[in-house]
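Heads up: the sequence shown runs through residues 110 to 335, numbered per our numbering.
Virtual Cβ for every residue (Gly too), placed ideally from N, Cα, C.
Bear in mind the structure is a predicted one, so any value in this text is a computation, not a measurement.
Down below is the structure, laid out as structure tokens.
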Amino acid sequence: METEFWLKRWREGRTGWHHDKPMPLLLQHWPALAVPRATRVLVPLCGKSLDMPWLSQRGLRVLGVDVSAIAVEAFLAENHLHARARAATDGTHYEITNAPDGGAIDIVNGDVFAVDPAILATCHAFYDRAATIALPRPMRDRLAHEIYAKLPAGARGLLITLDYPVGEMDGPPFSVDAVEVHRLFGGRWNIEQLERRDILASQPSFSDNGVTALHTAVYALTRKAD
């Protein structure tokens with residue numbers, strides 16, 4: 110799945126994955142991770158997600174990454190945020206100067222696979238609602254092994270997935286079931302499934318496309334020591 114695919118979706122305004130409020134599953138399950146205040150939280154493929162201000166309001170230091178400048182600019186404008194921008198080897202870094210009290214938000218406008226490993230090493234948590242399920246298998250492997258694997262021992266993550274019968278729909282979003290989660294993360298992370306629920310009735314776009322079963326699941330992950 111090439112970068113141009115996502116850039117085109119943002120140019121055309123076809124961003125059906127965006128929610129106009131923080132994700133209810135985030136609000137419900139994030140407290141279970143017991144992430145300390147001031148922790149840096151990686152949010153890959155962040156788009157203009159309102160989950161980022163919610164995390165910042167909890168005293169966390171959010172690091173969003175997205176390849177689309179349109180997404181970053183929309184996030185700033187729609188949330189009345191101001192930022193200092195600087196060019197770096199891995200993209201343009203935006204430091205938001207009026208983030209919600211108690212927290213911080215920085216965004217890297219660039220390829221998630223190019224993020225400086227030294228920055229990843231400072232992220233002791235991650236939140237993934239729309240990254241793993243957005244990527245086909247080879248790129249999911251890269252995300253797990255090239256990005257999340259660089260987070261330090263003890264890092265905690267909240268992963269939200271969708272799963273449906275393979276072959277019933279072409280992603281994105283892609284089906285990522287429990288077996289796939291353990292394949293991706295089991296070697297380096299302890300995994301706990303917090304919830305799995307049937308959501309087909311509330312997602313008519315899936316049933317309209319021939320999907321006969323649809324579930325969302327939430328996982329808490331803790332990075333093992335290498």
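Taking the C-alpha atoms as reference points, what is the distance between residue i and residue j?
i: residue 311; j: residue 254; result: 33 Å
i: residue 131; j: residue 147; result: 20 Å
i: residue 220; j: residue 175; result: 7 Å
i: residue 139; j: residue 326; result: 14 Å
i: residue 340; j: residue 284; result: What is shown of the chain runs 110 to 335, which leaves residue 340 out entirely.
i: residue 164; j: residue 194; result: 21 Å
i: residue 116; j: residue 306; result: 31 Å
i: residue 333; j: residue 251; result: 18 Å
i: residue 335; j: residue 216; result: 28 Å
i: residue 266; j: residue 286; result: 17 Å
i: residue 309; j: residue 205; result: 38 Å
i: residue 114; j: residue 209; result: 32 Å
i: residue 118; j: residue 168; result: 32 Å
i: residue 247; j: residue 293; result: 11 Å
i: residue 186; j: residue 111; result: 27 Å
Is the distance from the Cβ of residue i to the Cβ of residue j below 8 Å?
i: residue 257; j: residue 323; result: no
i: residue 181; j: residue 207; result: no
i: residue 156; j: residue 223; result: no
i: residue 268; j: residue 241; result: yes
i: residue 243; j: residue 142; result: no
What are the boundary residues of the beta strand (DSSP E) that includes residue i?
i: residue 302; result: 298 to 307
i: residue 174; result: 170 to 175
i: residue 153; result: 149 to 153
i: residue 327; result: 324 to 332
Please list the terminal residues of the continuous alpha helix (DSSP H) segment that includes residue i.
i: residue 313; result: 313 to 317
i: residue 228; result: 226 to 229
i: residue 272; result: First-last for residue 272: 265 to 272, but that is the beta strand (DSSP E), not the alpha helix (DSSP H).
i: residue 291; result: 287 to 294
Within 7 Å: the Cβ of residue i and any heavy atom of the ligand MN?
i: residue 218; result: Among the components of this structure there are no ligands whatsoever, and the ligand MN is therefore not found.
Can you tell which of the options has the C-alpha that lies nearest to the C-alpha of residue i?
i: residue 203; options: 318, 228, 189, 173; result: 173
i: residue 297; options: 264, 122, 136, 227; result: 264
i: residue 329; options: 295, 282, 243, 276; result: 295
i: residue 162; options: 318, 121, 136, 275; result: 136
i: residue 331; options: 278, 281, 232, 249; result: 232
State the CB to CB distance for the pair residue i and residue j, rounded to an integer number of angstroms; the pair is presumed to be in contact (CB under 8 Å).
i: residue 288; j: residue 300; result: Wrong, their Cβ atoms sit about 11 Å apart, outside the cutoff.
i: residue 212; j: residue 171; result: 7 Å
i: residue 236; j: residue 129; result: The pair is not a contact, with the Cβ atoms about 18 Å apart (cut-off 8 Å).
If we cut at 8 Å on Cβ distances, does residue i have a partner in chain D?
i: residue 122; result: Of the protein chains in this structure there is only one, and it is not chain D.
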